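Peer 1: Protein chains in written order, with our numbering: chain G, 1 to 112; chain F, 1001 to 1340. C-beta atoms are modelled at their ideal positions from N, C-alpha and C, and glycine is treated no differently. Given the structure is predicted, the values throughout are model-derived calculations rather than measurements.
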């Protein structure tokens, strides 16, 4: 039935329902992934970021907020140049993190 | 000629007062400790373990108690007013007695911010909302019906700190690291629980504090969400629903918790403000007692013969408080040494 209006979906993240299996598996495989402080160095130095919005910081955050589609979109833009690894103040091997993540499906299973 | 027999009143027998009194005694003086509570030890005596090494609070307190065992200590001693004489101070107690002294050391410490003033967080309204002190007492006693095998625990940083509207624009300094300590302890106690910290900034300035933060992230899997909790509500099952913005993703988040711990901030002891005003000692804009110089003379007040140690001048860690207490004892020693 057409009421002449539609409802916008909520952008709120309900942490009770977020599926963090992929993130949890990533942290098992690359424990340093959990030490991100969200400083943004990786995004600032990213070669692909200005054209694609790629950001390792946002990938890690998106995984913990249930934004899988956005995470996969960003991952596909990575050129694996490794500059983010060089600038990370926590010493996270972000390049390895990205490669590991690309091998995990939504359920955190290693599929590739 | 050094006057070794002046009367030095040390107001407050928390760790600042105890340390200062013990140092004054070691210098040959006879300080008098004045404590309004029935026991000495102050806040530290109520705490379980201390950051960042998880040192039992007892380990800090016991040596201090041993070193001050022979110092005259007035317990349950409530000062009703202080009079300033020419170069002496007269302390009047609520029981009618009085004490004439040549120097006063404020070791009056802090009060925890009354978390119920931040009504939106629901302390005193919802059962599952407690404070940092309540949790610390639970670590000591293991008796609090509100802490019942929680599977999701949240910590709210900056409750009554950096909050102009609550009258406390200052940072309470020790709550970030206390939240991380308590979050780690909760995770160790309840390994299956999800633990969230809601913060504005993480101010981990001290030695080993950043290591503690990395441990919380990597070894304990504590979730840090950058955003101030805006409101807390109660779900039908008695759990609490917390709303905040995850400012790093720019999206509102909500989460249902079994226990919410409010990191109540540090405010000045109102008694100290009252005494200070009575004798013309300056109180700073932030409500804490005002040092003569915030860099070079933090233990000196604006008046001769009145000194400060510890959290009466602002939030302090345990080692800062102890160092300041020793410094104040030395300042008092020089004060009597140079007086004619």
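#1: Could you compute how far the alpha carbon of residue 94(G) sits from the alpha carbon of residue 63(G)?
#2: Taking the Cβ atom as the reference point for each residue, do residue 35(G) and residue 1162(F) lie within a distance shorter than 7 Å?
#3: Based on the DSSP secondary-structure assignment, which residues constitute the bridge partners of residue 1163(F)?
#4: Between 1021(F), 1006(F) and 1005(F), which lies nearest to residue 1012(F) when the distance is taken from Cα to Cα?
#5: Kindly indicate if chain F contains any beta-carbon less than 7 Å away from that of residue 12(G).
#6: Out of curiosity, what's the CA-to-CA distance linking residue 1180(F) and residue 1079(F)?
#7: For residue 1249(F), is the classification buried or exposed, using 16 other Cβ atoms within 10 angstroms of its Cβ as the cut-off for buried?
#8: Quick one: grab the DSSP three-state call for residue 1303(F).
#9: Are the C-beta of residue 1218(F) and some C-beta of chain G separated by less than 7 Å?
#10: Less than 7 Å between CB atoms is the rule here; does residue 1252(F) satisfy it with respect to chain G?
#11: From the DSSP secondary-structure annotation, give me the bridge partner or partners of residue 1231(F).
#12: With distances taken Cα to Cα, identify the nearest neighbour of residue 1332(F) among 1025(F), 1170(F) and 1014(F).
#13: Specify the secondary structure class of residue 1029(F) as computed by DSSP and reduced to three states.
#14: Taking the runs of the beta strand (DSSP E) that are 3 residues or longer, which of them lie wholly in the region 1005 to 1093 of chain F?
#15: Which residue comes first and which comes last in the beta strand (DSSP E) that contains residue 1194(F)?
#16: Figure out for me which residue from 106(G), 82(G) and 50(G) has the closest Cα to the Cα of residue 71(G).
#17: Could you tell me which residues DSSP pairs with residue 9(G) in its beta bridges?
#18: Can you have a look at residue 1001(F) and say buried or exposed, based on whether 16 or more other CB atoms are within 10 angstroms of its CB?
#19: For residue 1221(F), go through chain G and note every residue whose CB falls closer than 9 Å to its CB, in chain order.
#20: Just the Cα atoms here: how many angstroms apart are residue 74(G) and residue 2(G)?
#21: Would you tell me roughly how many angstroms separate the C-alpha atoms of residue 23(G) and residue 1206(F), rounded to the nearest one?
#22: Per DSSP, residue 1098(F) forms a beta bridge with which residues?
#23: Out of curiosity, what's the CA-to-CA distance linking residue 1326(F) and residue 1309(F)?
#24: Whole-angstrom Cβ separation of residue 1041(F) and residue 1107(F), contact assumed at under 8 Å?
#25: Closest to residue 1192(F) by CA distance: which of 1184(F), 1316(F) and 1199(F) is it?
#26: Of all the residues that make up the region 1223 to 1241 of chain F, which are near chain G by a beta-carbon distance shorter than 8 Å?
#27: Whose C-beta lies closer than 7 Å to the C-beta of residue 25(G) among residues of the same chain, with five residues either side of it excluded?
#28: How many Å lie between residue 1126(F) and residue 13(G) at the Cα?
#29: Using a C-beta to C-beta distance shorter than 7 Å, which residues of chain G count as neighbours of residue 1248(F)?
#30: Given this structure, state the Cα-to-Cα distance separating residue 1046(F) from residue 1303(F), to the nearest angstrom.
#31: What's the gap between the Cα of residue 29(G) and the Cα of residue 100(G)?
#32: What is the rounded straight-line gap between the Cα of residue 1187(F) and the Cα of residue 1135(F)?
#33: Going along the region 1141 to 1163 of chain F in order, which residues come within less than 9 Å of chain G, judged by CB to CB distance?
#34: Shorter than 7 Å from the beta carbon of residue 1214(F) to some beta carbon of chain G?
#35: From what residue to what residue does the beta strand (DSSP E) around residue 1110(F) run?
#36: In the structure shown, what three-state DSSP assignment does residue 1252(F) receive?
Peer 2: Short version:
#1: 15 Å
#2: no
#3: 1168(F)
#4: 1021(F)
#5: yes
#6: 37 Å
#7: buried
#8: coil
#9: yes
#10: yes
#11: 1243(F)
#12: 1025(F)
#13: coil
#14: 1007 to 1011, 1030 to 1034, 1079 to 1084 and 1089 to 1093
#15: 1194 to 1199
#16: 106(G)
#17: In the DSSP output, where bridge partners are listed per residue, residue 9(G) has none listed.
#18: In this prediction, residue 1001(F) has a pLDDT of 44, which is less than 50 and means its spatial position is unreliable; what the coordinates show is noted afterwards. When all chains shown are included, residue 1001(F) counts as exposed.
#19: 24, 27 and 34
#20: 36 Å
#21: 30 Å
#22: 1092(F)
#23: 8 Å
#24: Their Cβ separation, rounded to whole angstroms, is 12 Å, which puts residue 1041(F) and residue 1107(F) out of contact at 8 Å.
#25: 1184(F)
#26: 1223 and 1226
#27: 104 and 108
#28: 23 Å
#29: 38 and 61
#30: 33 Å
#31: 8 Å
#32: 13 Å
#33: 1152
#34: yes
#35: 1110 to 1112
#36: strand
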